[in-house]
Amino acid sequence: MRATSRLLWFFLGCGLLLSGVAQAKDGDTPPFYQLEFAGKTAFLMGSVHVGKADFYPLSNQIEQAYRHAGALVLEADVRDPAAQQLLQKYGLKAAIPDEETQTLLQEYCGGKPLCRQLAMMSPWLQSVQISMQRFVELGYQPSLGVEQYLLDGVGDKPVLELESTEMQLALLDSLALEYQWSMVRESIRGEDREIQALITAWRSGNEKALAELMLHQLSTEGEDVLLEKLLWQRNQGMAERLLSLMGSNQAPLFVAVGAGHLAGKRSLLEYLHKAGVSSRNCWRQSCDIPPGEAN
């Protein structure tokens, strides 16, 4: 069930400690910022929740910032021991799909073993399962997601949350069924090239492309309901929580959130700027990252 619970973290962005043999491709520049507020510092990275071995190690300045950080801050800690019970509470609410969605599900499923389990799940969880299956078919694994990589190297650093497992699951559960079924349809109809484009945009730090992909995937027939609930409102809440964490921690924080939260209008960065936080893009400006090993 733990593997199933990890699927949530892929969708809300819209999973191994590796040996030194695997190297990130030259030129990987995922979104990465230094934040300053009231004399406190945080390093903010946009992540993806699936990956491949050649994602790691991350670029030297990201690895160094993480080494020197006093705590790791995530959207939610995927190690939450209550995740299984929470998924049962919020994710196992079977519903009858509309005719259009039912037709798409039948066409997609064929003989896929995954589909034998879908009918007992809430539509939003069906969407997450299908989306993750499609990433896996293209060679990406939740066990190689950025958050999991960071957690595997966390050592004795505290792990802090901007949200919580239950808050995220309850949010998805609260969506009207029409929007949950639209998520299922999008997870099936999305083209492989869009999935590859998402990874490419992350690896190159192309925030304009990330914003366009998020807009396309979360817009529903011209409506912004999913964007409002799953992205914009959460960005504002995460900004408020991060400001609180920066205020209560002396050592620099290392923050990782789904890259989609850093792109486009009403992004996490935009809300932070409105609150008086200054930021530097560490690929375009010099950031204050100490060299060498942390003490």
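Per our numbering, the very first residue in the sequence shown carries number 61; after that it's consecutive.
Note that the Cβ used here is the ideal one computed from N, Cα and C, for glycine as well.
The model shown is predicted, which means the values in this text are computed figures rather than measured ones.
Beta-bridge partners of Lys-100 (DSSP): Phe-97. Within the same chain, Leu-222, Glu-223 and Val-317 come within 6 Å of Glu-135 by CB-CB distance, once the 5 residues on both sides are set aside. Straight-line measurement puts the Cα of Tyr-239 at about 41 Å from the Cα of Ala-311. Check the Cα spacing between Ala-257 and each of Leu-322, Leu-270 and His-321: the tightest is with Leu-270. Taking 9 Å as the cut-off, the beta carbon of Ala-155 is found no closer than this to the beta carbon of Ser-191.
C-alpha of Leu-118 to C-alpha of Gln-166: approximately 40 Å in a straight line. Excluding residues up to 5 positions away in sequence, Tyr-93, Gln-94, Leu-95, Glu-96, Leu-104, Leu-329, Leu-332 and His-333 lie with their Cβ nearer than 8 Å to the Cβ of Ser-339 in the same chain.
Taking 9 Å as the cut-off, the beta carbon of Leu-305 is found no closer than this to the beta carbon of Val-337. Between Leu-210 and Phe-314, the C-beta spacing is below 9 Å. Taken in chain order, the complete beta strand (DSSP E) segments of 3 or more residues contained in the stretch 209-272 are 219-221. Under DSSP, Asn-341 takes part in a beta bridge, and its partners are Tyr-93. Excluding residues up to 5 positions away in sequence, Tyr-150, Gly-151, Lys-153, Ser-182 and Trp-184 lie with their Cβ nearer than 8 Å to the Cβ of Asp-233 in the same chain. Cα atoms of Cys-169 and Val-244: separation of roughly 12 Å, rounded to the nearest angstrom. The beta carbon of Gly-130 sits closer than 8 Å to the beta carbons of Lys-217, Pro-218, Asn-309, Gln-310, Ala-311, Pro-312 and Leu-313 from its chain, once the five residues preceding and following it are set aside; these are given in chain order. Apart from sequence neighbours up to five positions away, the residues of its chain that approach Ala-299 with a beta-carbon distance below 7 Å are Leu-328, Tyr-331, Leu-332 and Ala-335, ordered along the chain. Shown here for Ser-187: same chain residues with a beta carbon closer than 6 Å to its own, the five before and five after excluded, namely Met-243, Val-244 and Ser-247 in chain order. Boundaries of the alpha helix (DSSP H) around Ala-143: 143-151.
Inter-residue distance for Asp-284 and Arg-344 is about 32 Å (C-alpha atoms, whole angstroms).
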